[in-house]
Amino acid sequence: MTEDCILCSIIEGKIPSKKVYEDDDSLAILDVNGSNPGHCFVIPKQHYPILEQVPDFQIAKLFGIANKISTVIFEALKAEGTNVFVTNGVTAGQTVAHFMINVIPRSSNDKINLQWQPKQLDEEEMSTIELKLKEEAKNMGVFQTKKTFETRTIKKEPERISGEENYLIKQLRKIP
Amino acid sequence: MEQPPQQQMTPEQMEALKEKIKNMSPEELREFQKKQCIFCHIISGKVQAKKVYEDSKTLAILDINPANPGHILLLPKEHYAIFPQMPDEELDHISMVAKALSNAVLKTLEATGTNIVIANGPAAGQKAQHSMVHIIPRKEEDNIKFELPQKTIAENELETIRKKLSERLSSMLGKKELKEEIREEIKPVPIPKITTPQNKIETVKKIEPKNKIAEHKEEEKKPKKQKETKPAKEKKADLDDIARVLGIK
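Heads up: the sequence lines are chains A and B, in that order. If you read the first sequence in my numbering, its first letter stands for residue 63, the second for the next number, and so on. If you read the second sequence in my numbering, its first letter stands for residue 651, the second for the next number, and so on.
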């Protein structure tokens, strides 16, 4: 927790907020000056400035909560649509140094603009980008899905590896 | 090679189709959408695309109409019209892939930020019938102007919404409904907003000096590194730098 982070202050309860969901490591609150009524933030309780610093399993959980909020916004607020929106880095429009996922209820003509003008790229440029990303993406595919601490109600089986290790250690001890 | 149907329809055909869709069961509708869906054709290999990442559940391709160079579309291989239809496990996986792709974009494309955008429903700007995650590389002055205006929402309206949402969320996510925090003297503080064109200048002004401080600090530590003489193109985005700029208060 950092002292000057407004979201950390909310998490600690120093600043009141409109909480819609809370558990051990995540919090979802209503934006009091939202872009539409029902605009929510989903945040990790641990202070991470940007997306890349949040552990994989926590990202999965936060997006899971955001998606559930989307569902609830459709059902309970009769929204015509929802946006799940992340600003990662100052140039992307991030203003608070605490990672958050915005969930925004949408209706037509609500003055929100999350559209873009397509840019024209030539084939060569596209191919260069494709190659660069493909090369980098080769390292992907291994995700940190294991939680290091119990977060949700789902109970995990006791870790096998540690059992095996103990077994091996016992074996070693037996060796004269 | 089979091509997705793209021929123009007469108004009569359109009406007949609308009627047909209306009478479909959800399963039939999904099958129907799959057959029409260009992204399903890309996933099955019938239509070509620039693929950057693929695993058993997801496919990431380059957007042919990018908001910025390197704009990625991350698709679930299964056809879901909107994200609320997606099972939890698949969503968990796709969000971790999205994070990794954002990281890849920052590392390789000299981007200094990324936007992750999901649109559920045409009112939210969804254009294709296949749900997808947009990963958009961002740079300064890249001419992308997202607008999220701030609205003043009355306290009682907020509380009504909070109750509705938290009741349903708690039943979905298996947690107790949260009680309203009663502290009448202190009003909830508005959280600094996502930059809109109007307040963008302000934010830039605020951040610039901090940026310089960060650079100076770095120069002190590593006097050999000549940051200023380096052409901008060679500058690789450093995750720590991106986080640091945000972190300085």
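Every residue, glycine too, gets a C-beta built ideally from N, C-alpha and C. This structure is a prediction, so every number in the text was calculated from the model and none was measured.
- The continuous beta strand (DSSP E) containing A:Lys-80 extends over residues 80 to 84.
- Residue environment analysis places B:Asn-673 among the exposed positions, since fewer than 16 neighbouring C-beta atoms fall within 10 angstroms of its C-beta.
- The count of Cβ pairs closer than 8 Å, one atom from the stretch 162 to 175 of chain A and one from the stretch 183 to 195 of chain A, stays below three, leaving the stretches out of contact.
- The beta carbon of A:Leu-176 sits closer than 7 Å to those of Asn-145, Phe-147, all from its chain and outside the five residues before and after it, given in chain order.
- The stretch 730 to 737 of chain B and the stretch 792 to 807 of chain B do not touch, with fewer than three beta-carbon pairs separated by less than 8 Å.
- Sequence-distant partners of B:Ile-693 (beyond 5 residues in either direction) whose C-beta falls short of 8 Å from its own C-beta, in its chain, are Leu-709, Leu-725, Lys-727.
- Here A:Gly-143 has Arg-168 as same chain residues with Cβ atoms under 7 Å from its own Cβ, once five neighbours each way along the sequence are excluded.
- Here DSSP, grouped into helix, strand and coil, assigns A:Asn-98 to coil.
- Rounded to the nearest whole angstrom, the C-alpha separation of A:Lys-173 and B:Asn-765 is 19 Å.
- Taken residue by residue, none of the stretch 658 to 680 of chain B has a beta-carbon sitting less than 7 Å from a beta-carbon on chain A.
- Under the Cβ criterion of 8 Å, A:Lys-173 is counted among the residues facing chain B.
- For B:Asp-705, the chain A residues whose Cβ falls inside 8 Å of its Cβ are Gly-203, in order along the chain.
- By the neighbour-count criterion, in which 16 or more other beta carbons inside 10 Å mark a residue as buried, A:Glu-198 falls on the buried side.
- When Cβ-Cβ separations below 8 Å define contact, A:Val-152 makes contact with chain B.
- Close partners of B:Ala-773 in chain A (Cβ separation under 7 Å): Glu-142, Gly-143, Arg-168, Ser-169, Ser-170.
- Pro-180, Lys-181, Leu-183, Glu-187, Met-188, Ile-191, Glu-192, Lys-194, Leu-195, Lys-196, Glu-198, Ala-199, Met-202, Gly-203: these are the residues of the stretch 180 to 203 of chain A whose beta carbon lies less than 7 Å from some beta carbon of chain B, given in chain order.
- Neighbours of A:Val-104 across chain B, judged by C-beta separation under 8 Å, do not exist; the nearest C-beta is about 11 Å away.
- In the DSSP assignment, A:Ala-154 falls outside any alpha helix (DSSP H) and carries neither an H nor an E.
- Rounded to the nearest angstrom, the gap between the Cα atoms of B:Glu-662 and B:Glu-669 is 11 Å.
- Sequence-ordered contacts of the stretch 748 to 762 of chain B with chain A read Ala-748, Lys-749, Ala-750, Leu-751, Ser-752, Asn-753, Ala-754, Val-755, Leu-756, Lys-757, Thr-758, Leu-759, Ala-761, Thr-762 [C-beta pairs closer than 9 Å].
- At a cut-off of 8 Å, the C-beta of A:Glu-137 has a neighbouring C-beta in chain B.
- The stretch 129 to 191 of chain A is shown to contain whole beta strand (DSSP E) runs of 3 or more residues at 143 to 150, 163 to 168, in chain order.
- In the structure shown, B:Gly-771 adopts coil according to DSSP, grouped into three states.
- Residue-level contact by beta carbon fails for A:Asp-87 and chain B, as no gap is shorter than 8 Å.
- With a 10 Å radius around the Cβ and a threshold of 16 neighbouring Cβ atoms, B:Thr-660 comes out exposed.
- Within the stretch 67 to 81 of chain A, contact with chain B at the beta-carbon level (separation under 9 Å) is assigned to Cys-67, Ile-68, Leu-69, Ser-71, Ile-72, Gly-75, Ile-77, Pro-78, Ser-79, Lys-80, Lys-81.
- At a cut-off of 8 Å, the C-beta of A:Gln-108 has no neighbouring C-beta in chain B.
- Nearest in C-alpha terms to B:Asn-753, of all of B:Ile-744, B:Pro-787, B:Lys-777, B:Tyr-730, is B:Pro-787.
- Excluding sequence positions up to five before and after A:Cys-67, its CB lies within less than 8 Å of the CB of His-109, Val-158, Ala-159, His-160, all in the same chain and listed in chain order.
- Beta-bridge pairing by DSSP links A:Phe-119 to no other residue.
- Here DSSP, grouped into helix, strand and coil, assigns B:Gly-763 to strand.
- B:Lys-707 sits in coil when the DSSP states are folded into three classes, being neither helix nor strand.
- At least 8 Å separates the beta-carbon of B:Ile-688 from that of B:Lys-701.
- Using a CB distance cut-off of 8 Å, B:Met-822 counts as an interface residue toward chain A.
- Inclusion of A:Ser-132 and B:Lys-801 in the CB contact set at 8 Å is not warranted, their separation being larger than that value.
- Non-local C-beta neighbours of A:Val-82 in its own chain, meaning closer than 8 Å and more than five positions away in sequence, comprise Ala-90, Ile-91, Leu-92, Cys-102, Ile-131, ordered along the chain.
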